[in-house]
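For the sequence shown, the UniProt record's numbering begins at 1 and goes up steadily by one. A virtual CB, placed ideally from N, CA and C, is assigned to each residue, including glycine.
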Amino acid sequence: MTRRALVVVGISGPVLVQDLGRPGHAAVGVGRSGAADRAAYLLGNRAVGNRLGAASLEVTLGGLEVEVVGGPLWCCLTGAPATLEADGRACPAGAVVAVRHRLRIGTPARGLRCYLAVRGGIDVPRVLGSRSRDVLAGLGPAPLGAGDVVVVGDDAEEAEAGWPRVDAVPVDALAEPALLRVVPGPRADLVADPDRLVTGEWRASVHTDRVGTRLEGGAPLLHRDPERQLPSEGAVRGALQVPPSGEPVLFGPDHPVTGGYPVVGVVVDADVDRAAQLRPGDPVRFRWA
């Protein structure tokens, strides 16, 4: 029996396989990684009836076209609101659709990352218990390219009992500016005026990827003692680390497991997914939680 698969016909930005990541390995220098927008990833998998942890495709800035081989597939696109065409017909964002031949994802009007969930999940080998690609460590399957074939898992193994029970799921409007709540960081006292973080508006710079987002446009967060050197300390997703330039870096899912610059604040876990949708130029504000 021919296994169902997606054949990449066209691609314009990074497309990675992602699941919930590989927790528990920081002590040996391996971060968790996993879907940048966890809520969108989980929503898509639930919509198509997949079990928790099934792998999806994380598509950055859209521009993906795939051919379906081996039989029809149930799919759902969540996250950044992008146009979706299934077998030539336009489908609303968040719709659960059956695809027989070809699927095309356009560029989202807002946001950065969308998630293509396929019933059965994406079937690639696990590394340390996860199918996720960690771009910093180089673990997991390589980014997709034109001509790549992505095998889809078996329904009976990767999906819950029963077919999808909904026609569509809600799509986040991604209001601007993004407002992220933060708690003071463990080294906020090393910054001359930590409140500068929350009194101005920042922008995501072009230096934005899964490792982190460098912010610009706000008043620089100056170090009290620029000559002081900190020993490397453990880092977490959502941490706002301040290098000597004073422009904070917001750590993403593939952040380094340690860092040596002061952490002025940490975005609360409930807001980390919204941070994952910041694209270069997007405004963002912070407030103390």
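Residue i and residue j closer than 9 Å at C-beta
i, j, result
"Gly59", "Ile105", "The amino acid occupying residue 59 in the given sequence is Val; Gly does not appear at that position. Cβ distance < 9 Å, so Val59 and Ile105 count as in contact."
"Gly111", "Arg4", "no"
"Asp148", "Gly140", "no"
"Arg203", "Gly252", "no"
"Tyr41", "Leu77", "no"
"Leu64", "Ser12", "yes"
"Leu190", "Arg131", "no"
"Arg196", "Pro220", "yes"
"residue 290", "Gly70", "Since the first residue shown for the chain is 1 and the last is 289, residue 290 is missing from the structure and cannot be characterised."
"Ala178", "Gly10", "no"
"Leu20", "Ala35", "yes"
Residue i to residue j span [Cα, whole Å]
i, j, result
"Val249", "Gln241", "5 Å"
"Pro81", "Leu215", "23 Å"
"Gly185", "Gly200", "18 Å"
"Pro283", "Leu52", "33 Å"
"Ala55", "Leu144", "14 Å"
"Gly120", "Asn50", "6 Å"
"Ala289", "Val198", "11 Å"
"Pro108", "Pro125", "30 Å"
"Leu230", "Tyr261", "7 Å"
"Ala117", "Pro244", "41 Å"
"Pro226", "Val183", "23 Å"
"Arg22", "Leu128", "7 Å"
"His223", "Asp123", "47 Å"
"Arg102", "Asn45", "20 Å"
"Glu247", "Thr2", "52 Å"
"Arg32", "Gly24", "7 Å"
"Asp269", "Cys91", "32 Å"
"Ala26", "Arg89", "45 Å"
"Gly138", "Ala235", "18 Å"
"Pro194", "Glu176", "23 Å"
heavy atom of the ligand PLP below 8 Å from residue i C-beta
i, result
"Arg22", "In terms of ligand content, the structure shown is empty, and the ligand PLP therefore cannot be addressed."
Beta strand (DSSP E) segment containing residue i, residue limits
i, result
"Arg115", "According to the sequence as given, residue 115 is Tyr; it is not Arg. First-last of the beta strand (DSSP E) with Tyr115: Arg113 to Val118."
"Ala98", "Val96 to Val99"
"Gly212", "Gly212 to Glu216"
"Leu197", "Taken as a continuous stretch (DSSP letters only), Leu197 belongs to no beta strand (DSSP E), being part of the alpha helix (DSSP H) at Arg196 to Thr199."
"Val127", "Premise fails: Val127 is in no beta strand (DSSP E) and is neither H nor E."
"Leu221", "First-last for Leu221: undefined, no H or E at that position."
"Val249", "Val249 to Phe251"
Own chain partners of residue i with C-beta closer than 6 Å, once the 5 adjacent residues on each side are dropped
i, result
"Leu6", "Val66 and Val150"
"Val169", "Leu43, Ala47 and Gly94"
"Ala239", "Phe251, Val263 and Val266"
"Ser205", "Arg214 and Glu216"
"residue 317", "Shown here, the chain extends from 1 to 289; a query on residue 317 therefore has no answer."
Bridge partner(s) assigned by DSSP for residue i
i, result
"Asp134", "Leu139"
"Ala86", "Arg89 and Leu103"
"Gly5", "A small fix is needed here, since residue 5 is Ala in this sequence, not Gly. Beta-bridge pairing links Ala5 to Val69 and Val151."
"Val284", "Ala178 and Trp202"
"Glu58", "Leu16 and Tyr115"
"Gly265", "Pro184 and Leu240"
"Leu64", "Ile11 and Ile105"
"Leu77", "Leu116"
"Ala168", "Ala95"
"Val257", "Beta-bridge pairing links Val257 to no other residue."
"Gly234", "Thr258"
Close-in-space but distant-in-sequence residues of the same chain around residue i (CB under 7 Å, 5 per side omitted)
i, result
"Val99", "Val68, Pro72, Leu73, Cys75, Ala86 and Asp87"
"Glu233", "Thr258 and Gly259"
"residue 310", "A query on residue 310 cannot be resolved here, the shown segment of the chain reaching from 1 to 289 and no further."
"Val211", "Val135, Leu136, Gly252, Asp254 and His255"
"Gly217", "Glu201, Trp202 and Arg203"
"Asp154", "Gly120"
"Val96", "Ala47, Val48, Trp74, Cys76, Pro164, Val166, Asp167 and Ala168"
"Ala39", "Asp273"
"Arg237", "Phe251, Gly252, Pro253, His255 and Val272"
N- and C-terminal bounds of the alpha helix (DSSP H) containing residue i
i, result
"Arg32", "Unbroken run through Arg32: none, as it is neither H nor E."
"Gly44", "Arg38 to Ala47"
"Val183", "First-last for Val183: Ala178 to Pro184, but that is the beta strand (DSSP E), not the alpha helix (DSSP H)."
"Val272", "Asp269 to Ala275"
8 Å Cβ shell around residue i - same chain, five flanking residues per side excluded
i, result
"Thr208", "Leu112, Arg214, Leu278, Arg279 and Pro280"
"Val15", "Val8, Leu57, Glu58, Val59, Thr60, Leu64, Pro143 and Leu144"
"Leu174", "Ala80, Pro81, Arg110, Gly111, Arg274 and Gln277"
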